[in-house]
Amino acid sequence: MKYIQNFWRYRFLLAELVKKGIKLKYRRSYLGIVWSLLEPIMTTIVLTVVFGTLFNNKDRTFPLYILTGRLLYSYFSKSTKAALKSIRSNAGMIKKVYVPKYLYPLSAVLFNYVIFLISLIVLVILGFVVGVYPAWYWIKLALPLFILLVMTYGVGMILATVGVFFRDMEYLWDVFLMIIMYTCAIFYHPERLLKSGHAWVLKVNPLYGVIGNTRNIVFGNSLDWSSMFYAVAFAFITLAIGLYVFHKKQDEFILQI
Amino acid sequence: MGKKALRVDHVSMKFNLSSEKVDSLKEYVLKSIKREVSHDEFWALQDVDFTLEKGDRLGILGLNGAGKSTLLKVIAGVFKPTRGSVERHGKLVPLLELGAGFDKQYTGRENIYLYGAVLGYSKSFIDSKYEEIVKFSGLRKFIDVPLKNYSSGMKSRLGFSIATVVDPEILILDEVLSVGDAKFRKKSEKKILNMFDKGVTVLFVSHNLAQVRRLCNKAMILEHGQVKAFGGIEEVSALYEKMLEEA
Numbered sequence: 397m398k399y400i401q402n403f404w405r406y407r408f409l410l411a412e413l414v415k416k417g418i419k420l421k422y423r424r425s426y427l428g429i430v431w432s433l434l435e436p437i438m439t440t441i442v443l444t445v446v447f448g449t450l451f452n453n454k455d456r457t458f459p460l461y462i463l464t465g466r467l468l469y470s471y472f473s474k475s476t477k478a479a480l481k482s483i484r485s486n487a488g489m490i491k492k493v494y495v496p497k498y499l500y501p502l503s504a505v506l507f508n509y510v511i512f513l514i515s516l517i518v519l520v521i522l523g524f525v526v527g528v529y530p531a532w533y534w535i536k537l538a539l540p541l542f543i544l545l546v547m548t549y550g551v552g553m554i555l556a557t558v559g560v561f562f563r564d565m566e567y568l569w570d571v572f573l574m575i576i577m578y579t580c581a582i583f584y585h586p587e588r589l590l591k592s593g594h595a596w597v598l599k600v601n602p603l604y605g606v607i608g609n610t611r612n613i614v615f616g617n618s619l620d621w622s623s624m625f626y627a628v629a630f631a632f633i634t635l636a637i638g639l640y641v642f643h644k645k646q647d648e649f650i651l652q653i
Numbered sequence: 003m004g005k006k007a008l009r010v011d012h013v014s015m016k017f018n019l020s021s022e023k024v025d026s027l028k029e030y031v032l033k034s035i036k037r038e039v040s041h042d043e044f045w046a047l048q049d050v051d052f053t054l055e056k057g058d059r060l061g062i063l064g065l066n067g068a069g070k071s072t073l074l075k076v077i078a079g080v081f082k083p084t085r086g087s088v089e090r091h092g093k094l095v096p097l098l099e100l101g102a103g104f105d106k107q108y109t110g111r112e113n114i115y116l117y118g119a120v121l122g123y124s125k126s127f128i129d130s131k132y133e134e135i136v137k138f139s140g141l142r143k144f145i146d147v148p149l150k151n152y153s154s155g156m157k158s159r160l161g162f163s164i165a166t167v168v169d170p171e172i173l174i175l176d177e178v179l180s181v182g183d184a185k186f187r188k189k190s191e192k193k194i195l196n197m198f199d200k201g202v203t204v205l206f207v208s209h210n211l212a213q214v215r216r217l218c219n220k221a222m223i224l225e226h227g228q229v230k231a232f233g234g235i236e237e238v239s240a241l242y243e244k245m246l247e248e249a
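In the order they appear, the protein sequences are chains A and B. Residues 397 to 653 in the working numbering are what the first sequence spells out, letter by letter. Residues 3 to 249 in the working numbering are what the second sequence spells out, letter by letter.
Here is the structure:
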């Protein structure tokens with residue numbers, strides 16, 4: 397009860413921090429927020445050219461396939477990195493005034509989420525271009541996208557806590573993110589890997605379940621419930637662990653930064 | 003007996019003064035193998051215990067490193083005490099580090115909202131007080147300029163104006179009566195004295211004994227994190243003067 401009250405008291409600060417993240421990200425660039433649309437388009441073009449040729453993929457919808465994977469992965473990677481650094485980068489503030497500390501990783505995860513949601517516009521546009529039109533069943537996207545947020549926040553809280561005590565985590569996490577990127581089938585079709593006996597590589601990665609099911613919905617296929625359940629379970633377990641370790645260690649942060 | 007405003011209950015604060023701070027995994031592993039993870043303990047505060055009633059104005063005296071700022075930060079909630087607890091009754095305004103939470107890429111206007119939020123104000127409250135803040139700071143001409151182009155005096159003027167826009171029940175002052183230029187200093191002193199008249203409870207740290215005498219009705223001497231004396235302003239400040247002569 398006390399926590400809810402405290403959260404309610406600081407809701408305006410959370411909104412301000414989220415706003416600040418979005419505003420400052422694109423301040424002083426000529427195109428501003430348009431970059432959040434332009435950047436995924438440009439990287440998708442590059443990836444399509446490279447991997448389309450490499451795998452000799454002639455499918456018209458392949459760019460859309462890449463874009464969905466890339467948007468979700470880049471949200472996950474940007475947010476977790478921001479959350480990892482959130483305590484250190486706000487050290488000046490933490491040392492001087494009392495603010496509930498979970499607001500820092502939370503705002504990092506949320507402001508990236510808002511930018512991510514805006515960038516989904518690109519998905520719709522590209523869908524029109526390649527002939528995959530929005531349909532009422534896209535409403536189901538709410539499930540994987542919500543799980544993505546929960547998962548990111550859970551992982552972010554754990555990383556934020558660990559990052560305070562061990563600076564090396566920043567570098568380790570970069571390597572880890574690369575492994576995650578290659579094992580969530582962003583720019584290749586997973587079928588061959590799934591049949592090869594190395595399927596566990598994908599199945600163990602919860603982000604694969606989220607990305608795979610987002611694609612299933614976008615392309616009108618049926619959901620893969622086993623990978624979805626795995627992602628849901630993973631998301632809520634990490635969230636619980638994240639909240640627990642963060643809460644347990646937060647009073648020591650100030651002695652470390 | 004007046005109403006209780008602040009209760010500092012046997013507060014102790016420990017810092018680990020490891021000469022080599024261990025903050026990388028490799029170092030930690032290596033050092034724990036070599037059993038070198040040192041824990042040099044340093045008690046910045048030891049068993050500090052006192053109660054203030056509503057309207058009390060406490061001057062905190064002590065040399066550098068006596069634990070004054072740590073005590074204020076514990077009371078403000080920035081540090082969580084290692085032992086003991088702090089009970090606050092009513093809205094607390096710490097004029098500790100003015101403008102902690104300012105963003106230098108933000109304009110003055112945006113910073114008013116951001117810093118206000120940091121201090122726990124609501125949006126509607128800041129909306130209603132916005133005019134007053136700008137007017138008091140005297141920075142209307144620069145309000146849409148990014149903060150990085152402000153001088154340090156301008157920044158603290160803005161910080162002071164935002165922090166003092168509420169009527170606090172507890173006010174924490176760390177030598178901030180010297181904000182900005184002479185004109186602004188006069189204005190800010192007047193504002194603080196106004197709060198005093200409204201019966202605010204004050205914690206005041208200063209090295210200026212005359213100022214403490216003028217403003218406070220109670221005083222406390224801190225030495226090495228321990229309370230050496232606590233009581234009426236006259237007796238404690240006399241004791242402090244004697245202490246300084248001996249030193």
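Ideal placement from N, C-alpha and C gives every residue a C-beta, glycine not left out. Note that this is a predicted model, so its numbers are computed, not measured.
Only residues of its own chain outside the window of five on either side were considered, and among them L410, L413, V414, G417 have a CB closer than 7 Å to the CB of A:S503, listed in chain order. Using a 10 angstroms sphere on the CB of A:D570, the tally of other CB atoms stays under 16, which defines it as exposed.
Taking 8 Å as the upper bound on Cβ-Cβ separation, chain A lies near residues K82 of the region 82-94 of chain B.
Each of A:H643, A:K591, A:H594 was checked against the Cα of A:L555, and the nearest Cα belongs to A:H643.
Among the residues of the region 487-499 of chain A, those with a Cβ less than 9 Å away from any Cβ of chain B are G488, M489, I490, K491, K492, V493, Y494, V495, in the order of the chain. Chain B places a beta carbon closer than 8 Å to that of A:R405, counting this residue as a contact. Contact annotation for A:L409 against chain B: A119, V120, G122 [CB-CB distance below 8 Å, chain order]. With respect to chain B, the C-beta atom of A:E587 has no partner C-beta closer than 8 Å. Within the region 418-430 of chain A, the residues whose Cβ lies closer than 7 Å to some Cβ of chain B are L420, R423, listed in chain order. Residue B:G64 holds the alpha-carbon nearest to the alpha-carbon of B:A46 among B:G110, B:E191, B:K185, B:G64. Here B:D146 carries a coil assignment [DSSP, helix/strand/coil]. Just so you know, the alpha carbons of B:K189 and A:D564 end up roughly 49 Å apart. For A:V628, the number of other beta carbons within 10 angstroms of its own is at least 16, and it is reported as buried. Just measuring C-alpha positions, the residue of B:V31, B:T72, B:G61 sitting nearest B:Q48 is B:T72. Counting along the chain, A:P586 sits inside no alpha helix (DSSP H), nor does DSSP assign it H or E at all. B:W45 is bridged by DSSP to B:K16.
Going by DSSP, A:L598 is part of the alpha helix (DSSP H) stretching over 596-599. For B:P170, there are no C-beta contacts with chain A under 8 Å, since the nearest C-beta of that chain is about 14 Å from it. By the Cβ neighbour-count rule, B:K143 is exposed, with fewer than 16 other Cβ atoms within 10 Å of its own. Looking only at B:K93, B:I135, B:E99, B:R90, the smallest Cα-Cα distance to B:E112 is reached by B:I135.
Selection A:L427, A:N452, A:S475, A:G448 evaluated against A:I462 yields A:G448 as nearest (Cα-Cα).
Short of 7 Å from the beta carbon of A:I543, and not among the five residues preceding or following it, lie these beta carbons of its own chain, in chain order: V606, A627, V628, A631. At a cut-off of 8 Å between beta-carbon atoms, B:L116 makes contact with chain A. Straight through space, the alpha carbons of A:T476 and B:K150 are spaced by roughly 29 Å. Looking at the DSSP output, A:M438 shares a beta bridge with no other residue. Taking a contact as a CB-CB distance under 8 Å, the pair A:R484 and A:V560 counts as one, their CB atoms being some 7 Å apart. Shown here, A:Q652 sits in a helix according to DSSP, grouped into three states.
B:L205 is bridged by DSSP to B:L60, B:I174. B:E177 and B:T166 have their alpha carbons spaced roughly 15 Å apart. When CB distances to chain B are screened at a threshold of 8 Å, the residues of the region 636-652 of chain A falling below it are D647, I650, L651, Q652, in chain order.
Taking every protein chain shown into account, the CB of B:A78 has 16 or more other CB atoms within 10 angstroms, so this residue is buried.
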